[in-house]
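Have a look at the structure below before the remarks.
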Amino acid sequence: MTTLASVAAPGHSAPAPAGPFASALRLAADLIDQMRATDPDIRVSVSATDSIGPGLPEIRFLFHGSDRQSLASLSGATFSFDVPVTVSDPSPHLDGGVWVGGSVVRDGVTVLFRTGLHDPEVIAYARQVFPDGTGGW
Numbered sequence: 142m143t144t145l146a147s148v149a150a151p152g153h154s155a156p157a158p159a160g161p162f163a164s165a166l167r168l169a170a171d172l173i174d175q176m177r178a179t180d181p182d183i184r185v186s187v188s189a190t191d192s193i194g195p196g197l198p199e200i201r202f203l204f205h206g207s208d209r210q211s212l213a214s215l216s217g218a219t220f221s222f223d224v225p226v227t228v229s230d231p232s233p234h235l236d237g238g239v240w241v242g243g244s245v246v247r248d249g250v251t252v253l254f255r256t257g258l259h260d261p262e263v264i265a266y267a268r269q270v271f272p273d274g275t276g277g278w
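Per this note's numbering, the sequence shown starts with residue 142, numbered consecutively.
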């Protein structure tokens, strides 16, 4: 059984690996389960990164769908996990759209949540609800 498979299915015959990156993968799976319980229509991609040296492992959640849907999913997830959220300045990487998101350290893992918005009405709403800034992400 591969390391990833044993992390994803720790009840099987191979013991679940230990260490910070394995913990990050388990945390990502737990957070996805929690998000799905409150938002069954959630569309999110997840990436996990381990660092060499003193840095913490990271898991990143990128929300997808229409601007309204992705902002609603991000808002629900970050509220549930008590993550401070901010709205970026217009980004040339998003053709003038903005990033909305935030980060938190949980169980020794940096957890990042974000989505990109393009709809001016949804961006205006996000700016009313969340402060401007980078939020550390």
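From the three backbone atoms N, C-alpha and C, an ideal C-beta is built for every residue, glycine too.
Tell me which residue opens and which closes the alpha helix (DSSP H) that residue i is part of.
i, result
"Arg-167", "161-179"
"Ser-214", "208-221"
Secondary structure at residue i, three-state DSSP: helix, strand or coil?
i, result
"Leu-197", "coil"
"Val-263", "helix"
"Val-185", "strand"
"Val-228", "strand"
"Asp-273", "strand"
Quick one: give me the first and last residue of the beta strand (DSSP E) that residue i is part of.
i, result
"Val-246", "239-247"
"Arg-255", "250-258"
For residue i, which residues of its own chain have a beta-carbon under 7 Å away from its beta-carbon, when the five flanking residues on both sides are left out?
i, result
"Gly-237", "Pro-231"
"Asp-208", "Leu-258, His-259, Asp-260, Val-263"
"Thr-219", "Val-226, Gly-243, Phe-254"
Once you ignore the five residues that flank residue i on each side, which residues in its own chain have a CB closer than 8 Å to its CB?
i, result
"Leu-168", "Ile-200, Arg-247, Asp-248, Val-250, Val-252"
"Pro-161", "Asp-191, Leu-197, Pro-198, Gly-249, Val-250"
With a threshold of 6 Å on Cβ separation, who are the neighbours of residue i within its own chain once the five nearest residues in sequence on each side are excluded?
i, result
"Gly-206", "Arg-184"
"Phe-204", "Val-185, Ser-211, Ser-214, Leu-215, Thr-256"
"Thr-143", "Residue confidence for Thr-143 is low, a pLDDT of 40 falling below 50, so the modelled location carries little weight; the figure read from the coordinates is stated next. No residues qualify anywhere along the chain."
"Ala-134", "Since the displayed the chain opens at 142 and closes at 278, residue 134 lies outside it and no answer follows."
"Met-176", "Ile-183, Ala-218"
"Leu-235", "Gly-257"
Opposite residue i in the DSSP bridges: which residues?
i, result
"Leu-203", "Ser-186, Arg-255"
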